[in-house]
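Before any comments, here is the structure.
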């Protein structure tokens, strides 16, 4: 297996919906908008249906995102899941991504797993996304 760099994402939270305490932790919906640059370029929109759980390392966010990247060729949809753990510089984020698209040159994404790593904090979300090949 090899990791192939695919794109970088920069996004800001534009709205937060506080759901409240649940049996699984505190739930919030984080609505995000941003840009994608790399082997694909476009605008980004997503909602992180996050669950915040208190742990021995601090408030860990279990991340579940439904997202779209709009390119000049069409839309790439994604389901992103993973976690965000507190660190000195914000939240360290690690995720996997399932893609869905009808764009002919990107149809291979429908059976390719993406992995992402980055940081989240008050300044926004920054991820580097690679394809697992």
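Residue numbers (our numbering): 1 to 133. Where is the CB? At the ideal position from N, CA and C, for every residue including glycine. Values in this document were obtained by computation on a predicted structure and should not be read as measured data.
Candidates the options: closest to residue i by CA position
i           : options           : result
residue 14  : 124, 72, 129      : 124
residue 22  : 54, 132, 66       : 54
residue 38  : 11, 57, 128       : 128
residue 24  : 76, 61, 113       : 61
residue 32  : 46, 104, 106, 110 : 46
residue 90  : 118, 76, 106, 72  : 118
residue 71  : 26, 59, 34, 52    : 34
residue 73  : 11, 5, 107        : 107
residue 12  : 109, 20, 4, 30    : 30
residue 102 : 65, 76, 56        : 76
Neighbourhood of residue i by C-beta distance below 8 Å, restricted to the same chain and skipping five residues each side
i           : result
residue 63  : 48, 50, 80, 81, 82, 83, 84, 93, 95
residue 116 : 9, 80, 82, 93, 94, 95, 96, 97, 127, 128, 129, 130
Own chain, CB closer than 6 Å to residue i, minus 5 neighbours either side, in chain order
i          : result
residue 18 : 28
residue 36 : 7, 9, 42, 44, 69
residue 52 : 25, 26, 59, 61
Start-to-end residues for the beta strand (DSSP E) that takes in residue i
i           : result
residue 32  : 25 to 38
residue 12  : 3 to 22
residue 72  : First-last for residue 72: undefined, no H or E at that position.
residue 126 : 124 to 132
residue 56  : Unbroken run through residue 56: none, as it is neither H nor E.
residue 109 : Looking at the DSSP string, residue 109 is not in any beta strand (DSSP E), and its letter there is neither H nor E.
Beta-bridge partners of residue i, as assigned by DSSP
i           : result
residue 87  : 90
residue 102 : None, per the DSSP bridge assignment.
Residue i burial status per 10 Å Cβ neighbour count (16 or more: buried)
i           : result
residue 132 : exposed
residue 87  : exposed
residue 2   : exposed
residue 67  : buried
residue 57  : exposed
Cut-off 7 Å between Cβ atoms - residues of its own chain near residue i, not counting five sequence neighbours on either side
i           : result
residue 120 : 84, 90, 91, 93
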